[in-house]
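K.L.:
Chains as they are written, first to last, in my numbering: chain C, 1 to 376; chain Z, 1001 to 1376.
(1) Excluding five sequence neighbours on each side, which residues of the same chain lie with their C-beta closer than 7 Å to the C-beta of residue 1356 (chain Z)?
(2) Any idea which residues DSSP pairs residue 1236 (chain Z) with across the strands?
(3) Give me the Cα-Cα distance between residue 1127 (chain Z) and residue 1115 (chain Z), rounded to the nearest whole angstrom.
(4) Starting from residue 183 (chain C), trace the beta strand (DSSP E) both ways and give me its first and last residue.
(5) Looking only at its own chain, which residues have a Cβ that is under 8 Å from the Cβ of residue 1051 (chain Z), when we skip the five neighbours before and after it?
(6) Three or more beta-carbon pairs under 8 Å between the stretch 117-125 of chain C and the stretch 151-165 of chain C, yes or no?
(7) On the DSSP letters alone, give me the boundaries of the alpha helix (DSSP H) that residue 1336 (chain Z) sits inside.
(8) Would you grab the beta carbon distance between residue 1351 (chain Z) and residue 1369 (chain Z) for me? Rounded to a whole angstrom, and I think it's under 8 Å.
(9) Indicate whether residue 137 (chain C) and residue 216 (chain C) have their beta-carbon atoms separated by less than 8 Å.
(10) Suppose you measure from the CA of residue 13 (chain C) to the CA of residue 326 (chain C); what does that come to, to the nearest Å?
(11) Identify the continuous beta strand (DSSP E) that holds residue 45 (chain C) and give its terminal residues.
(12) Just the chain Z side, please: which residues come within less than 8 Å of residue 306 (chain C) by C-beta, in chain order?
(13) Using a Cβ-Cβ distance cut-off of 8 Å, determine whether residue 1014 (chain Z) contacts chain C.
(14) Could you say which of C:172, C:349, C:69 lies nearest to residue 184 (chain C) if we only look at CA atoms?
(15) Measuring only between beta-carbons, confirm whether residue 1329 (chain Z) sits less than 8 Å from chain C.
(16) Could I get the ranges of all uninterrupted beta strand (DSSP E) runs contained in the stretch 1099-1150 of chain Z, with 3 residues as the minimum, in chain order?
(17) Does chain C have any CB closer than 8 Å to the CB of residue 957 (chain Z)?
(18) What does DSSP give as the partner residues of residue 1276 (chain Z) in its beta bridges?
(19) Closer than 7 Å, Cβ to Cβ, to anything on chain D: give me those residues from the stretch 1078-1098 of chain Z, in chain order.
(20) Does the distance from the CB of residue 73 (chain C) to the CB of residue 107 (chain C) come in under 8 Å?
(21) Taking the continuous beta strand (DSSP E) assigned at residue 76 (chain C), which residues delimit it?
(22) Under 8 Å, CB to CB, which of the residues in the stretch 1267-1289 of chain Z have a partner in chain C?
(23) Given 8 Å as the limit, is there contact between the stretch 269-281 of chain C and the stretch 1063-1083 of chain Z, that is, 3 or more CB pairs closer than that?
(24) Just list the residues that DSSP pairs residue 366 (chain C) with in beta bridges.
(25) Taking the alpha carbon of residue 1210 (chain Z) as the point to measure from, which residue in Z:1145, Z:1090, Z:1085, Z:1302 has its own alpha carbon closest?
(26) Hey, which unbroken runs of the alpha helix (DSSP H) at 4 residues or more fall wholly within the stretch 1254-1336 of chain Z?
(27) So residue 1309 (chain Z) contacts chain C; which residues on that side make the cut at Cβ distance below 9 Å?
(28) So residue 303 (chain C) contacts chain Z; which residues on that side make the cut at Cβ distance below 9 Å?
(29) Specify the secondary structure class of residue 1087 (chain Z) as computed by DSSP and reduced to three states.
(30) List the residues of chain Z that residue 73 (chain C) touches, going by C-beta distances under 7 Å, in chain order.
(31) Could you check whether the Cβ of residue 1028 (chain Z) sits closer than 8 Å to any Cβ belonging to chain C?
(32) State the DSSP-derived secondary structure class of residue 247 (chain C), mapped to helix, strand or coil.
(33) Which word fits residue 391 (chain C), buried or exposed, when buried means at least 16 other C-beta atoms lie within 10 angstroms of its C-beta?
(34) Rounded to the nearest angstrom, what separates residue 41 (chain C) and residue 57 (chain C) at their Cα positions?
(35) Pull up the distance between the alpha-carbon of residue 260 (chain C) and that of residue 313 (chain C), whole angstroms please.
(36) Please state the DSSP three-state secondary structure of residue 207 (chain C).
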């Protein structure tokens, strides 16, 4: 049998599906795309067992079939072709021949039976346990961009390796933490009737960041799966089943000292201090007194150190507090669009809250940093 | 003692000197800059023992000294500063303090006696064995850009790990080869009275490619060293002492069949064929007959293959010849500015010459490719 498709349309589709193909996997069959041709529609699937992606394209075809094609090789070949019609000639011998005006390319295909089953979600889910929201693609992207950096990479606590979707009376909170820092974005526009929470794995977040655009996304949520429908794409992800830790218990409510700084100025100081905070703890010290912030770092091995002073607004008690400079840098990078920020402090050993001075309408963004010990 | 320098001027200078600092070396002292301050002139040196680079900058200083400063840390700190005056306060304790409006940065310095001696070339060279040429920086860059790719990486034959400067009656030839391919560029404008040859190591070529601009370069040549003076920079390189192989013996003079193709068209075919020529030999096959070139490649492991046809001008005997596709790609990348090229062929086992159809004025460029065996 055969079908025809335009090279550039197919390239665009494959470019959006290939992020779901695992690059290193103990199951080589996952390095394939599943091509399903049914009634003039080509649907392409990829999965790494945790997430699956699919999308469809209308094609010219008389027959129906399913085959597995090597994802990377196929994508590289399609990408390298100019704008042309490709005829896929699927032969019963396990070969498929791609024919264009210029050339012929032979690939081997595998039987679709070897491919894992793609969950048919939410279709087979009972409506009682299914929730549904619609969110604009840009808003979802914004939430992931502000919070994804703080997800944990430690396999010891699986729940923290994902992003918490927490539906509350105030709206939808996106929360990430690795125990050293925490990011918490509230979108007040998105609400569910019931309070509930879901933990989306890191890989789903990073793949979504590659395919989200400004169009609306429909999200279906169950206890085991979440699906994202956007335009012609559908991403289905398993959820992390472990309970998300009670992060609210680490958020201090009574940090009474406010340190206000220009984000850009502080960020450029921190970037220089990172050059000197190269030892294990990567420690940078904030020495804060009335309207003056002194920032310093020292590398004992290199015998090198740096100290800078920054004008700030501060009326609280004089205070010395240490941070991991890389974590401060991460937080500031994700607040770069905010002109001014406030560090809410209490003491050298208590968690610090960092907030933009001007909240974006319908949003609340909060970052939290744990201090590191100062040994002097 | 102390001296003052503008941060941006120092950054510009360090950015040009740092390519000579080795990144991995069994001699950690080479990871430093030598700062020499003499009569209001700061001269900065770096060396990896094979090449050395130096440049100077006028500064404000009352005293003279020499110290060694950690190259990467210093460069990173200077790069991160805004446009400002830096005061270097060199203390007798082995510390230097960099002071700006905003902050203070302490670095440790080493005694200059630990640094290897920089060859004083050509000053201490007898004039009998010294030659001298002037070449425009863009012309020297052009020569390296066209030929550097074919230098060998095999330590077995040290001479081939450099670029041959061969002064002939016709002009200066730049020659590189690794035994599989050869690049040969003749610059007819540059001549010496005597025929002579020099082999410049790869590292000197790659560092020069980072600092050459359109200004004239003065080159001094002796049996052991070559130096390049450009603007405020001076690069001195040891030469490779092994004799360069007699490459002219492998250049076939009587390849009678001319295959003329559009460079861009052939290059895009080769890029696709590289996707299929992924086995050890990376073989691509050219099947040539009157005015038609069929190009094919096959990966037996993947069970994948590709075939394309390209219109060409060819009047010779029908011929099948194999090449390493990565080497063909390299040659075509370095001929990308040429609209049309000619492959001069004789048989499936004889070296092939590749020439642009239109020579650039005062230049002759030739590439050579060894074929690989076809096993059918």
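Each residue gets a CB set at the ideal place from its N, CA and C atoms; glycine is no exception.
P.N.:
The short version:
(1) 1335, 1338, 1341, 1365
(2) Z:1052, Z:1227
(3) 28 Å
(4) 181-187
(5) 1020, 1201, 1203, 1204, 1207, 1235, 1236, 1237, 1238
(6) no
(7) Premise fails: residue 1336 (chain Z) is in no alpha helix (DSSP H) and is neither H nor E.
(8) 7 Å
(9) yes
(10) 37 Å
(11) 41-47
(12) 1077, 1103, 1104, 1105, 1106
(13) no
(14) C:172
(15) no
(16) 1103-1108, 1131-1136
(17) Only positions 1001 to 1376 of chain Z appear in the structure, and residue 957 (chain Z) is not among them; the question remains open.
(18) Note: residue 1276 (chain Z) sits in no beta bridge, so no partner.
(19) Note that chain D does not occur in the displayed structure, where the protein chains are C and Z.
(20) yes
(21) First-last for residue 76 (chain C): 71-80, but that is the alpha helix (DSSP H), not the beta strand (DSSP E).
(22) 1268, 1269, 1271, 1272, 1275, 1276
(23) yes
(24) C:184
(25) Z:1145
(26) 1263-1274, 1325-1333
(27) 102, 103
(28) 1094, 1095, 1106, 1107, 1108
(29) strand
(30) 1275, 1302, 1304
(31) no
(32) helix
(33) Since the first residue shown for chain C is 1 and the last is 376, residue 391 (chain C) is missing from the structure and cannot be characterised.
(34) 6 Å
(35) 5 Å
(36) helix
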